[in-house]
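J.:
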């Protein structure tokens, strides 16, 4: 096994081995398969917290403060910063995290940034594998941070037990942004910068949105999968000040409360099923797409179909159906 | 055929029929299949221009000016504004376009906004279908606009004959942003706001980047597919002032030059093959994912695998391989 030395070092808690293995799974899905296969039995111990919020909500300070508390409790923390918009923002998010790194010791806190550079098999797939590596590495808490960008983020958060959405007073658009996709997965709202005017107004706005949510029909099945047949968890709301640490005790209690809810309600087993199902879908998507690409580039019959499409006698939907038939998948 | 009335109206150039059909393909992939099937033979006449640029580069004014020139030439123009980041920006891009709509007559210019609200089968798939509807509707020029966001954008631009990237003097990050994914697909650079200081510097920076590009090895096969076995097109650069229209004659000449290059070099047939292949992949991805989701939710054998994964005796990569075997796709 090509990676066995790194893996045995990883299981001993060697941060350099973790870093190398993460690079492998980011760049090579064949490596991922081998690595995840070997470490899978050592995973499942970390508690995974997803954190998101629009730019300007103070995610960086919030995560630093939260991390410091966990470290003081003797916990080992992994932080994964995922930026699906990296080409757009020029990596602004990632720059913040480099500064964050300097505040912590490598023994307690492992920080890794991931940007969307056409990750093989998708960013959600790669993030899930990095979570597993940090889990096997011995992290008690894994924080997955993203900026709020629709579907890719929702996929990433399927791996998190507790998802926290960060808002701030005054920033008018952020609630609107949250509605779009994150509502499906949010468990806690934290209104950051609670010392700013308008913090209570923001809390009231969130409550109003949650009222609205009760009557809202979800297109996605995600929520019903996670919370299937269980009375819905109503997202909790708290105000915090990340700079002073004010109210973080309450935030931590709410995280604990949600963790307990997941266990006692039995939702945790839905969560696990949902997470594994989602991972399997991401992997299969990649494998099937690769297979189809190969077919499209090599199969003579299919090349003929494409020529027919150029001549307008066949359309892409019909080609797709012919390929599905060819693969024996039409039933 | 449920849509035959709309389709016959579409082919007569009825904008309301176009709008309705677009709504259908956005919301329902089964409808898409039926609609595209019927109109496909009427497509292939429009010239498709992809336009992108970071926020603040003046895309809205640029597109308005360009559209006005095409309309004055007697052309019918379709504009599709695609915002993959909509949940993040709160639809800033789309707001701009509503204002743009007021400047044109519905007879000559058809404007449609598309945001990433978990489009069934992906935003790239939906955009491609909307292009086809506007093509069949009689548009001579179809402008597809997006903000610069990595892979989803690159997929969307596979449908464009000519891709223009907008930059502005002074905005330091935009070149960096371009490097990330757009370099694979860009044909023309337009430095907007040429009256601002630093326009020539920006042109020099682009030239420098293009030099660098020559030595750059692409991970993606997209470029080699589009320009396969043909001497590479070196992206052209021009400066424009969208507010005054200055230099748009040069810009239009460069678009013409690129159109000619595609025809004379034979690249256009690679483009067509690449475009159809890409569409077919998008459609298959959707269909296969749906199939896998069904399997994962209903097949007893697979549910057993997921239970084993919860017990850590099987990992998601192994489940994916078992499903591929089950589907008879392992060879």
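Chains as they are written, first to last, in this note's numbering: chain A, 1 to 331; chain B, 1001 to 1331.
Built from N, CA and C at the ideal position, the CB exists for glycine as well.
1) Identify which residue in B:1029, B:1256, B:1321 has its Cα closest to the Cα of residue 1126 of chain B.
2) So for residue 82 of chain A, helix, strand or coil by DSSP?
3) Compare the C-beta of residue 1315 of chain B against all C-beta atoms of chain A and say whether one is closer than 8 angstroms.
4) Enumerate in chain order the residues of its own chain whose CB-to-CB distance from residue 1295 of chain B is below 7 angstroms, with the five nearest sequence positions on each side excluded.
5) Note down the Cα distance separating residue 1281 of chain B from residue 1197 of chain B, rounded to an integer number of angstroms.
6) Any residues in the stretch 1287-1301 of chain B with a beta carbon nearer than 7 angstroms to a beta carbon of chain A? Which ones, in chain order?
7) Taking 8 angstroms as the CB-CB cut-off, is residue 217 of chain A touching chain B?
8) Compare the C-beta of residue 3 of chain A with all C-beta atoms of chain B and state if any pair is closer than 8 angstroms.
9) Output yes or no for whether 8 angstroms exceeds the beta carbon distance between residue 1040 of chain B and residue 1132 of chain B.
10) Would residue 1328 of chain B pass as an interface residue toward chain A - the criterion being a Cβ-Cβ separation below 8 angstroms?
11) Is residue 241 of chain A helix, strand or coil when you go by DSSP?
12) Between residue 1041 of chain B and chain A, is any beta-carbon pair separated by less than 8 angstroms?
13) Looking only at C-alpha atoms, which of A:64, A:240, A:275 sits nearest to residue 158 of chain A?
14) Nearest to residue 106 of chain A by alpha carbon, out of A:17, A:192, A:166?
15) Where does the unbroken beta strand (DSSP E) through residue 47 of chain A begin, and where does it stop?
16) Measure the alpha-carbon distance for residue 1007 of chain B versus residue 305 of chain A and round it to whole angstroms.
17) In the structure shown, what three-state DSSP assignment does residue 1109 of chain B receive?
18) Just to make sure I have the definition right: I need the residues of chain A whose C-beta is within less than 9 angstroms of the C-beta of residue 1044 of chain B. Which are they?
19) Over what stretch of residues does the alpha helix (DSSP H) that includes residue 1128 of chain B continue unbroken?
20) At a CB distance below 8 angstroms, what residues from the stretch 1011-1038 of chain B approach chain A? Give them in sequence order.
21) Does residue 64 of chain A have its Cβ less than 8 angstroms from a Cβ in chain B?
22) Using a Cβ-Cβ distance cut-off of 8 angstroms, determine whether residue 1320 of chain B contacts chain A.
23) For residue 1239 of chain B, collect the residues of the same chain with a Cβ closer than 7 angstroms to its Cβ; drop the 5 residues on either side in sequence, then sort them by chain order.
24) Could you tell me whether any Cβ in chain A is nearer than 8 angstroms to the Cβ of residue 1211 of chain B?
25) Drop a sphere of 10 angstroms on the beta-carbon of residue 244 of chain A, count the other beta-carbons inside from all chains shown, and report buried for 16 or more, exposed for fewer.
26) Locate the alpha helix (DSSP H) running through residue 43 of chain A, then write down its first and last residues.
27) Roughly how many angstroms separate the alpha carbons of residue 65 of chain A and residue 1053 of chain B, rounded to a whole number?
28) So residue 279 of chain A and residue 162 of chain A are supposed to be a Cβ contact under 8 angstroms. How far apart are they, rounded?
29) Can you give me the start and stop residues for the alpha helix (DSSP H) that residue 1070 of chain B sits inside?
30) Taking just the CA atoms, how far does residue 165 of chain A sit from residue 42 of chain A?
31) Indicate the three-state DSSP secondary structure (helix, strand or coil) for residue 209 of chain A in the structure shown.
T.: Checking against the coordinates, here is how it stands:
1) In the second chain, the residue the question calls residue 1126 of chain B occupies position 126. It is B:1029.
2) The residue given as residue 82 of chain A occupies position 82 in the first chain. Strand, per DSSP.
3) Mapped onto the second chain, residue 1315 of chain B falls at position 315. Closer than 8 angstroms to some Cβ of chain A, the Cβ of residue 1315 of chain B qualifies, so yes.
4) Stepping through the second chain from its first residue, residue 1295 of chain B is reached at position 295. Taken in chain order, the residues that qualify are 1302, 1323.
5) Residue mapping note: residue 1281 of chain B aligns to position 281 of the second chain, counting from 1. Residue mapping note: residue 1197 of chain B aligns to position 197 of the second chain, counting from 1. Roughly 45 angstroms separates the two Cα atoms.
6) 1287, 1288, 1289, 1291, 1292, 1293, 1296
7) By 1-based counting over the first chain, the position of residue 217 of chain A is 217. Confidence at residue 217 of chain A is low in this model, with a pLDDT of 40, below 50, so the placement of that residue is unreliable and no value is reported for it.
8) For the purposes of this step, residue 3 of chain A is identified with residue 3 of the first chain, where counting begins at 1. Closer than 8 angstroms: no.
9) Within the second chain, numbered from 1, the residue matching residue 1040 of chain B stands at position 40. Within the second chain, numbered from 1, the residue matching residue 1132 of chain B stands at position 132. It is a contact, given that the beta carbons lie within the stated cut-off.
10) Residue numbering aside, residue 1328 of chain B sits at position 328 when the second chain is read from its first letter. Interface residue, yes.
11) Position 241 of the first chain, counting from 1, holds the residue named residue 241 of chain A. Residue 241 of chain A: strand per DSSP, three-state reduction.
12) Counting from one through the second chain, the residue named residue 1041 of chain B turns up at place 41. Closer than 8 angstroms to some Cβ of chain A, the Cβ of residue 1041 of chain B qualifies, so yes.
13) In the first chain, the residue the question calls residue 158 of chain A occupies position 158. Answer by Cα proximity: A:275.
14) In the first chain, counting from the first residue as 1, residue 106 of chain A sits at position 106. Checking every option, the nearest Cα to that of residue 106 of chain A belongs to A:17.
15) The residue labelled residue 47 of chain A in the question sits at position 47 within the first chain. Where residue 47 of chain A is concerned, the enclosing beta strand (DSSP E) stretches over 47-53.
16) Stepping through the second chain from its first residue, residue 1007 of chain B is reached at position 7. Stepping through the first chain from its first residue, residue 305 of chain A is reached at position 305. Their backbone Cα atoms lie some 25 angstroms apart in a straight line.
17) The sequence position of residue 1109 of chain B within the second chain is 109, counting from 1. The answer is strand: DSSP assigns residue 1109 of chain B an E or B state.
18) As a first step, residue 1044 of chain B is located in the second chain; it is residue number 44 there, counting from the start. 310, 312, listed in chain order.
19) Position 128 of the second chain, counted from the start, is the residue given in the question as residue 1128 of chain B. Taken as a continuous stretch (DSSP letters only), the alpha helix (DSSP H) holding residue 1128 of chain B covers 1123-1137.
20) 1032, 1033, 1036, 1037
21) Counting from 1 along the first chain, the entry for residue 64 of chain A is found at position 64. Taking Cβ atoms only, chain B never reaches closer than 8 angstroms to residue 64 of chain A, which makes this a no.
22) Start at 1 with the first residue of the second chain, and residue 1320 of chain B comes out as number 320. With 8 angstroms as the cut-off, residue 1320 of chain B counts as an interface residue toward chain A.
23) As a working mapping, residue 1239 of chain B is identified with position 239 in the second chain. Excluding residues within five positions, the ones whose Cβ falls inside 7 angstroms are 1191, 1194, 1199, 1203, 1247.
24) Taking the second chain and counting its residues from 1, the one referred to as residue 1211 of chain B is at position 211. Chain A, which has no Cβ nearer than 8 angstroms to the Cβ of residue 1211 of chain B, makes this no.
25) In the first chain, counting from the first residue as 1, residue 244 of chain A sits at position 244. Result: exposed.
26) Position 43 of the first chain, counting from 1, holds the residue named residue 43 of chain A. Residue 43 of chain A -> no alpha helix (DSSP H), and no H or E assigned at all.
27) Within the first chain, numbered from 1, the residue matching residue 65 of chain A stands at position 65. Within the second chain, numbered from 1, the residue matching residue 1053 of chain B stands at position 53. Distance between the alpha carbons of residue 65 of chain A and residue 1053 of chain B: 36 angstroms.
28) If you number the first chain from 1, residue 279 of chain A lands on position 279. If you number the first chain from 1, residue 162 of chain A lands on position 162. Between residue 162 of chain A and residue 279 of chain A the Cβ distance is about 19 angstroms, and since that is not below 8 angstroms, they are no contact.
29) The sequence position of residue 1070 of chain B within the second chain is 70, counting from 1. Its alpha helix (DSSP H) spans residues 1059-1072.
30) Within the first chain, residue 42 of chain A is the residue found at index 42, counting from 1. Within the first chain, residue 165 of chain A is the residue found at index 165, counting from 1. Approximately 29 angstroms between the Cα atoms of the pair.
31) By one-based count along the first chain, residue 209 of chain A stands at place 209. If DSSP states are grouped into helix, strand and coil, residue 209 of chain A belongs with the helices.
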